[in-house]
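Q: Residue numbers (UniProt numbering): 1 to 176. The beta-carbon is built from N, C-alpha and C at its ideal position, and this holds for glycine as well. Got a structure for you, written out below as structure tokens; questions coming shortly.
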């Protein structure tokens with residue numbers, strides 16, 4: 001199966017929103033309550049992504065993973081740090097989202113998405129990137145560590161009525 005990685009656009013919002021919700025439900029089923037996962041809405045995510053893409057940021061990059069017939073099966077987006085404070089571990093940029101459907105995991109798709117975002121950020125002169133991942137999400141943590149991510153501080157917060165803990169990961173972009 002050939003999965004194409006390309007820049008995402010406003011035309012991809014519905015596919016991105018579907019992957020965002022389905023990705024949460026598949027990836028977090030063991031970590032989040034059924035109520036938290038049931039409360040996710042494709043329509044809500046589509047509105048969120050329309051808002052994000054309505055304000056283009058040339059320093060940010062959105063990539064989608066697309067099947068030959070045009071179905072979006074994954075996406076990733078990264079750009080300047082700052083959504084959750086002064087940058088993760090002192091990083092200049094942040095990976096805002098990286099989601100894949102279970103059926104395309106472990107095929108190099110996530111690696112290709114992340115590499116494309118890292119290359120974009122490094123080409124602009126950024127030297128570091130960070131991201132947050134649920135502490136309980138061992139497969140994702142192993143993935144980030146295999147790509148050179150270093151675990152750092154943790155933070156806990158309420159996510160749809162459930163207390164969760166995230167771990168920050170830091171990546172060096174020099175030499176990419």
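(1) Fully enclosed by the segment 88-148, which alpha helix (DSSP H) runs are 4 residues long or longer?
(2) Considering just the uninterrupted stretch of the beta strand (DSSP E) at residue 80, what are its terminal residues?
(3) Going by DSSP in three states, residue 68 sits in which element: helix, strand or coil?
(4) For residue 85, does the count of other Cβ atoms within 10 angstroms reach 16, so buried, or fall short, so exposed?
(5) If you measure between the beta carbons of residue 108 and residue 100, is that distance less than 8 Å?
(6) Helix, strand or coil: how does DSSP classify residue 37 here?
(7) For residue 12, count neighbouring Cβ atoms within 10 angstroms of its own Cβ and tell me buried if that reaches 16, exposed if not.
(8) What is the DSSP secondary structure of residue 86, reduced to helix, strand or coil?
(9) Could you tell me whether the Cβ atoms of residue 126 and residue 173 are closer together than 8 Å?
(10) Counting C-beta neighbours from all protein chains within 10 Å, is the total for residue 93 16 or more, i.e. buried, or is it exposed?
(11) Could you check the C-alpha separation between residue 4 and residue 71 for me, to the nearest Å?
(12) Which residue's Cα is closest to the Cα of residue 95: 78, 104, 105 and 82?
(13) How would you label residue 133, buried or exposed, when you count the other beta carbons within 10 angstroms and need 16 or more for buried?
(14) Using only alpha-carbon positions, find the residue among 80, 22 and 161 that is nearest to residue 57.
(15) Compare the beta carbon distance of residue 102 and residue 26 with 8 Å and say whether it is the shorter of the two.
(16) Since residue 154 is in the alpha helix (DSSP H), which residue starts that stretch and which ends it?
(17) On the DSSP letters alone, give me the boundaries of the alpha helix (DSSP H) that residue 44 sits inside.
A: Once the coordinates are examined:
(1) 109-123 and 138-146
(2) 72-80
(3) coil
(4) Unreliable placement is indicated for residue 85, whose pLDDT of 49 sits below 50; the coordinate value is still reported in the next sentence. So residue 85 counts as exposed.
(5) no
(6) helix
(7) buried
(8) Since pLDDT at residue 86 reaches only 45, below the 50 mark, its modelled position is unreliable, and no value is offered.
(9) yes
(10) buried
(11) 10 Å
(12) 78
(13) buried
(14) 80
(15) yes
(16) Where residue 154 is concerned, there is no enclosing alpha helix (DSSP H), although the beta strand (DSSP E) it sits in stretches over 150-159.
(17) 42-54
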